[in-house]
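The next block holds one structure in the form of structure tokens; read it before the comments.
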Amino acid sequence: MLIAGCSNDSGSSDNASYPERQIELVVPFAAGGGVDLAARAVAEYLSKEWGQSIVVTNKTGGGGIVGAQYALKEAKPDGYTVLVNNNSSTTMYEAGTSNPTITSKDNKFVSRIAEASLTYAVKEDAEWESFKEFSDWVKANPEELTWASVGPAGFSSFGVAEWLDSIGVDYKNTSMVSSEGASDSTAKVAGGHVILAVHNVGEVYSLAESGKIKILAVQSSERSPLYPDVPTVEEEGFTGLTVKWWTGLSFAADVPDEIVEKWDEAIAEMEQDKAFIKELEKIKLEPSYLNSEDFTQAVKEETERYTKLAETTGIRK
Numbered sequence: 007m008l009i010a011g012c013s014n015d016s017g018s019s020d021n022a023s024y025p026e027r028q029i030e031l032v033v034p035f036a037a038g039g040g041v042d043l044a045a046r047a048v049a050e051y052l053s054k055e056w057g058q059s060i061v062v063t064n065k066t067g068g069g070g071i072v073g074a075q076y077a078l079k080e081a082k083p084d085g086y087t088v089l090v091n092n093n094s095s096t097t098m099y100e101a102g103t104s105n106p107t108i109t110s111k112d113n114k115f116v117s118r119i120a121e122a123s124l125t126y127a128v129k130e131d132a133e134w135e136s137f138k139e140f141s142d143w144v145k146a147n148p149e150e151l152t153w154a155s156v157g158p159a160g161f162s163s164f165g166v167a168e169w170l171d172s173i174g175v176d177y178k179n180t181s182m183v184s185s186e187g188a189s190d191s192t193a194k195v196a197g198g199h200v201i202l203a204v205h206n207v208g209e210v211y212s213l214a215e216s217g218k219i220k221i222l223a224v225q226s227s228e229r230s231p232l233y234p235d236v237p238t239v240e241e242e243g244f245t246g247l248t249v250k251w252w253t254g255l256s257f258a259a260d261v262p263d264e265i266v267e268k269w270d271e272a273i274a275e276m277e278q279d280k281a282f283i284k285e286l287e288k289i290k291l292e293p294s295y296l297n298s299e300d301f302t303q304a305v306k307e308e309t310e311r312y313t314k315l316a317e318t319t320g321i322r323k
């Protein structure tokens, strides 16, 4: 838990003077991952701007849905509980679940904050020297592939499913191993318990830098400055792979529009702040602001795209 700023619990319900007391940023994933680190950077910035304490709380479980359920349906919709979400707890969950308990209609999307490219990581001493070589092995031995994900409809699942579909491998013939988040997934790979971890460039950086895991490819149009020697998936001969990580903010559907607008305006200013940009650079994320309207539309389009992928590959249960 992080507390930034100083508390002032006056309890007024006048939205014009919002915020007047402590705000809770709910991260539905484990500490140390990209969503968590981005949330802490946001808390640090806004607590100074608004002069109110902002608490970051990690509520894990259900591939992000335990925390989302709390923020969107259990907490009072007064603007003092904010969900820090990403694909796994929004578009991918809705696309990959037959009867989702949380959908985009339960969210009032505020702003998108950051993005990051996907990476494919294996143990440092793994036998494969390239993503192409690894993919050929998977095509020949699909039942031997194990990969880690926060859930069957998580970010890693969609990244793996899209890649497997592109090489003609049945997703259902491989094995998912549950994890609490990126730090858990990469530790499982480094320890030899799981073959593959699919996470964003920053989430795998520390173990890659320390020589515990090996990055086979980065899923982006250009090589990542974090891994200048690692080829892109396109360089390895793979096209049409589109899954990309993002994180953003949302409120419960009944939160007043003027509060959403105040947050969106603050986030827009934050994304122009040099100090905040430096914080994103430290945690290996790229600023990727979208306002409330554009963010909402992007989520809608992504959900439709991922629903087709989930139906095609068998993710949806």
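In this text, residue positions in the sequence shown follow our numbering: the first is 7, and each later residue adds one.
Think of the CB as a built atom: it goes at the ideal place given N, C-alpha and C, for glycine as much as any other residue.
These numbers come from a predicted model, not from an experiment.
Going by C-alpha positions, Ala223 is about 29 angstroms away from Leu255.
Residue state for Pro148 is assigned as helix, using DSSP reduced to three classes.
Every unbroken stretch of the alpha helix (DSSP H) spanning 4 or more residues and falling wholly within the segment 22-71 is given here in chain order: 40-56. The segment 70-85 and the segment 275-287 do not touch, with fewer than three beta-carbon pairs separated by less than 8 angstroms. Annotation for Leu170: no beta strand (DSSP E) segment contains it, though the alpha helix (DSSP H) segment containing it runs 161-172. By the neighbour-count criterion, in which 16 or more other beta carbons inside 10 Å mark a residue as buried, Asp270 falls on the buried side.
The beta carbons of Gly187 and Ala316 sit about 21 angstroms from each other, so the pair does not count as a contact at 8 angstroms. In this structure, the CA atom of Met98 is about 15 angstroms from the CA atom of Gln303. Within the DSSP bridge table, the entry for Asn206 names Leu124 as partners. Contact annotation, Asn206 with Gly40: C-beta distance approximately 5 angstroms; criterion of less than 8 angstroms satisfied. Three or more Cβ pairs drawn from the segment 109-123 and the segment 292-303 lie within less than 8 angstroms of each other, which places the two stretches in contact. Burial check for Lys178: the Cβ neighbour count within 10 Å stays below 16, so the residue is exposed. If only complete runs of 3 or more residues are kept, the segment 238-277 shows the beta strand (DSSP E) at 251-258, in order along the chain.
Its chain contains Asn21 as the residues whose beta carbon lies nearer than 6 angstroms to that of Glu264, once the 5 sequence neighbours on both sides are disregarded; these appear in chain order.
For Pro231, the closest C-alpha among the options Gly208, Pro83, Met182 is that of Gly208. Put simply, the backbone Cα of Val90 is about 19 angstroms away from that of Tyr24. Asn113 is bridged by DSSP to Ala258. The residue from Tyr312, Trp169, Ile321, Leu78 with its alpha-carbon nearest to that of Ala259 is Leu78. A straight-line Cα-Cα distance of about 13 angstroms links Lys129 and Ser212. The Cβ atoms of Ala44 and Thr253 sit closer than 7 angstroms to each other. Residue state for Ile321 is assigned as coil, using DSSP reduced to three classes. When beta bridges are read from the DSSP output, Asn297 appears opposite no residue. Beyond the five residues adjoining it in sequence on each side, Glu133 comes within less than 6 angstroms, by CB distance, of no other residue in the same chain.
At the C-beta level, Ile273 and Ala167 stay beyond 7 angstroms of one another.
Taking all protein chains shown into account, Asn113 has 16 or more neighbouring C-beta atoms within 10 Å of its C-beta and is therefore buried. Going by beta carbons, Pro34 and Lys82 fall outside the 7 angstroms limit.
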